[in-house]
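Participant: Going by the UniProt record's numbering, the first residue of the sequence shown is number 1, and it counts up by one from there. Every residue gets a Cβ at the ideal spot worked out from N, C-alpha and C, and that includes glycine. First the structure, which I've put down as structure tokens, then a few questions once you've had a look.
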Amino acid sequence: MSILSQIKSILGYEGAAAEKSLIVIGGQIITGWEEEEIRIGLELMPWTADLALTSYQPATGANVTINPGDEAQLYIGSDLLLTGYVLSVVESEGPSSHGLRVQITAKSIDLTDCSAEFSTYQMNSTNALAIARKVSAFAGIQVASINGAGNIDVQQFSAILTETAYEIIERVCRLACVLFYDQPDGSIALSGVGTGRMSSGFVVGENVEDWTRVRSNLGRYSTVTAILASTVMLFTEPTESNYVTEMEAISSGAKAQDAAINRTRPLLIPVELGDTDQKVAQQRVQWEVNRRYGRANTVMLTCDSWRDKEGNLWLPNKIASFTDPAGVSTDYLIGEIVFRRSRSGTRADVTLAPPSAYQPQPVLNPLLNNELNVALKG
1 MSILSQIKSI LGYEGAAAEK SLIVIGGQII TGWEEEEIRI GLELMPWTAD
51 LALTSYQPAT GANVTINPGD EAQLYIGSDL LLTGYVLSVV ESEGPSSHGL
101 RVQITAKSID LTDCSAEFST YQMNSTNALA IARKVSAFAG IQVASINGAG
151 NIDVQQFSAI LTETAYEIIE RVCRLACVLF YDQPDGSIAL SGVGTGRMSS
201 GFVVGENVED WTRVRSNLGR YSTVTAILAS TVMLFTEPTE SNYVTEMEAI
251 SSGAKAQDAA INRTRPLLIP VELGDTDQKV AQQRVQWEVN RRYGRANTVM
301 LTCDSWRDKE GNLWLPNKIA SFTDPAGVST DYLIGEIVFR RSRSGTRADV
351 TLAPPSAYQP QPVLNPLLNN ELNVALKG
């Protein structure tokens, strides 16, 4: 009998929508959790689970043997949510109790903790996805592309000897302007913002127990302008008489406005060296406005269920609506979820933000316009 069949047998029915957690370690299925906290997120790596249970198994009467380093899978119902390793085991015993607290992390902990080792630290004529796969191979971690993310060409990429695998992937994903995050099967995914939509959302008065919405102007500016690094900046002292002329001389023309900021709050950012047509600069100024708006307008809520109305687990990088007490519904991106269970009940703490809050920063590939790149292409 397969592990999934055993899980369904334990649940007592085709339990796709069940909110009962099980972990599989060394072929044994362990249930009976008293406390659970499973944390997953778009900007959180590795995903983690903290579980408290008694070492006595009510169903079998067998003692549970769990060791640090054991491979582990965590299921909610029959849905796999986390694949990785046992990180810590804490055993406690008293006159009337004998319990365990187990911490499990996704396989990506080896990417965040360990230095990258491979045959060459310089890679030519490749792409972001291939680099991520090469860096992750030592840990036995697969890297998948969602909707072609990460297929951007990288003519030359150099890794630093002391970098962790995570740091290398983070750097190359910035070049490719994509996100990367854990997957339930232990792989990591390269993706754009928003990979799909949940079947239902969060409604105050229905599945939302409490909520906090932040609407802020913190870190926001009325205008964002990209400026050129010219000799005017270096050698000409600005005065009241020539201030406008000097600003015109160094302005690239790349400018974006935040219509919600009424006061004059300018922000100047430099045009990157090599951005000859200021295409990246124009993308960057608009990104600054959009991302700052997204980070300043968030919703944090507690939901009474781990699943939407169709029985799908809440997952990061999915679009879900939030309906406030006035009945106004707004689409947000799920950034982080904490699945919690204790004696007080089963709940999910969810962080929502506009999709622009997670949009990667546009950057100029430093090798697109230099002589080395021309030589490589030649």
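DSSP three-state label for residue 387, please.
Facilitator: Residue 387 falls outside the range modelled here, since the chain spans only 1 to 378, and no answer is possible.
Participant: Is it right to say Ile40 is buried, meaning 16 or more other beta carbons lie within 10 angstroms of its own, or is it exposed?
Facilitator: By the neighbour-count rule (16 or more Cβ atoms within 10 Å), Ile40 is buried.
Participant: I'd like the list of long-range same chain contacts for Ala59, defined as Cβ closer than 6 Å, with 5 residues on each side in sequence excluded.
Facilitator: Caution is warranted here: a pLDDT of 49 is assigned to Ala59, below 50, making its placement in the model unreliable, and no coordinate value can be reported.
Participant: I'd like the list of long-range same chain contacts for Ala17, defined as Cβ closer than 8 Å, with 5 residues on each side in sequence excluded.
Facilitator: With a pLDDT of only 48 at Ala17, under the threshold of 50, the placement of this residue in the model should not be trusted; the figure read from the coordinates follows. Around Ala17: Gly77, Arg307, Gly311.
Participant: Tell me the residue span of the alpha helix (DSSP H) that contains Asp113.
Facilitator: Start and end: 109 to 113.
Participant: Beta-carbon within less than 8 Å of Gln361's beta-carbon, same chain only, minus the 5 sequence neighbours each way: which residues are those?
Facilitator: Closer than 8 Å at the Cβ level, and outside the excluded window around Gln361, lie Arg174, Cys177, Arg284, Trp287, Arg291.
Participant: In whole angstroms, what is the alpha-carbon distance linking Val214 and Thr351?
Facilitator: So the alpha carbons of these two residues sit roughly 11 Å apart.
Participant: Counting along the chain, where does the alpha helix (DSSP H) carrying Gln282 start and finish?
Facilitator: Counting along the chain, the alpha helix (DSSP H) containing Gln282 begins and ends at 279 to 295.
Participant: What is the DSSP secondary structure of Arg197, reduced to helix, strand or coil?
Facilitator: Reduced to three states, the DSSP call for Arg197 is strand.
Participant: Roughly how far, in whole angstroms, is the beta-carbon of Tyr358 from the beta-carbon of Leu333, given that I think they are within contact range, below 8 Å?
Facilitator: Yes, they are in contact, since the Cβ atoms of Tyr358 and Leu333 sit about 6 Å apart, within 8 Å.
Participant: Buried or exposed: which applies to Ile38, given that a residue is buried once 16 or more other Cβ atoms fall within 10 Å of its Cβ?
Facilitator: Buried is the call here.
Participant: Taking the beta strand (DSSP E) that Tyr332 belongs to, which residues open and close that run?
Facilitator: Element bounds for Tyr332: 329 to 342.
Participant: Enumerate in chain order the residues of its own chain whose CB-to-CB distance from Pro46 is below 7 Å, with the five nearest sequence positions on each side excluded.
Facilitator: Result list for Pro46: Gly84, Thr105, Ala106, Ser108, Ile109, Thr112, Asp182, in chain order.
Participant: Helix, strand or coil, according to DSSP, for Leu315 in the structure here?
Facilitator: Looking at Leu315 - three-state DSSP - the assignment turns out to be coil, as it is neither helix nor strand.
Participant: Would you check if there are 3 or more beta carbon pairs closer than 8 Å linking the segment 162 to 170 to the segment 129 to 141?
Facilitator: Yes: the two stretches touch, three or more of their Cβ pairs being nearer than 8 Å.
Participant: Return the Cβ separation of Leu42 and Gly335 in integer angstroms, given the expectation that the two are a contact with Cβ distance under 8 Å.
Facilitator: Contact holds; Cβ gap of about 5 Å.
Participant: When the Cα atoms are used, what is the spatial distance from Ala375 to Ser88?
Facilitator: Legend: pLDDT at Ala375 = 39, less than 50; position of this residue unreliable, value from coordinates given subsequently. Their backbone Cα atoms lie some 51 Å apart in a straight line.
Participant: In terms of residues, what are the limits of the beta strand (DSSP E) holding Val143?
Facilitator: Val143 -> beta strand (DSSP E) spans 143 to 145.
Participant: Could you check if Leu53 is buried or exposed, using at least 16 other CB atoms within 10 Å of its CB as the buried criterion?
Facilitator: When all chains shown are included, Leu53 counts as buried.
Participant: Per DSSP, what are the beta-bridge partners of Lys255 in this structure?
Facilitator: BP columns for Lys255 point to Thr225.
Participant: Can you tell me the Cα-Cα spacing of Ile146 and Glu209, whole angstroms?
Facilitator: In a straight line, the C-alpha of Ile146 is about 33 Å away from that of Glu209.
Participant: Do you know offhand how far Glu272's Cα is from Ala254's?
Facilitator: Taking the straight line from one Cα to the other gives about 12 Å.
Participant: Could you give the DSSP three-state label for Phe202: helix, strand or coil?
Facilitator: Looking at Phe202 - three-state DSSP - the assignment turns out to be strand.
Participant: For Ala149, which residues in the same chain have their Cβ closer than 7 Å to its Cβ, ignoring the five residues on either side in sequence?
Facilitator: Answer for Ala149: Val178, Leu190, Ser191, Gly192, listed in chain order.
Participant: Give the range of the beta strand (DSSP E) segment to which Glu71 is assigned.
Facilitator: Note, Glu71: beta strand (DSSP E), 71 to 76.
Participant: Check each candidate in Thr276, Val224, Gln282, Asp275 and name the one with the smallest Cα separation from Gln257.
Facilitator: Among Thr276, Val224, Gln282, Asp275, the Cα nearest to that of Gln257 is on Val224.
Participant: Let me know if Lys134 comes out buried or exposed under the rule of 16 or more other beta-carbons within 10 Å of its beta-carbon.
Facilitator: Lys134 is buried by the Cβ-count criterion.
Participant: Mind checking Arg220: buried by the 16 CB within 10 Å criterion, or exposed?
Facilitator: That one is buried.
Participant: So the alpha helix (DSSP H) Glu170 belongs to, where does it begin and stop?
Facilitator: It spans 165 to 176 - the alpha helix (DSSP H) in which Glu170 sits, taken as one unbroken run.
Participant: What does a CB cutoff of less than 6 Å around Asn317 pick up in its chain, not counting 5 residues either side in sequence?
Facilitator: Closer than 6 Å at Cβ, skipping near neighbours: Leu42, Thr195.
Participant: Quick one: is Ile25 buried, meaning 16 or more other Cβ sit within 10 Å of its Cβ, or exposed?
Facilitator: Answer is buried; the Cβ neighbour count reaches 16.
Participant: Whole angstroms are fine: how far does the CA of Glu117 sit from the CA of Asp70?
Facilitator: Rounded to whole angstroms, Asp70 to Glu117 spans 23 Å at the Cα level.
Participant: Buried or exposed: which applies to residue 411, given that a residue is buried once 16 or more other Cβ atoms fall within 10 Å of its Cβ?
Facilitator: Any question about residue 411 goes unanswered here, given that the chain covers just 1 to 378.
Participant: Along the chain, where does the beta strand (DSSP E) that runs through Val135 open and close?
Facilitator: Not the beta strand (DSSP E): Val135 falls in the alpha helix (DSSP H), residues 128 to 136.
Participant: Cα-Cα, which of Gln155, Leu161, Asp153 is closest to Cys114?
Facilitator: That would be Leu161, whose Cα lies nearest to the Cα of Cys114.
Participant: What does the alpha-carbon distance come out to for the pair Pro270 and Ala226?
Facilitator: Distance between the alpha carbons of Pro270 and Ala226: 5 Å.
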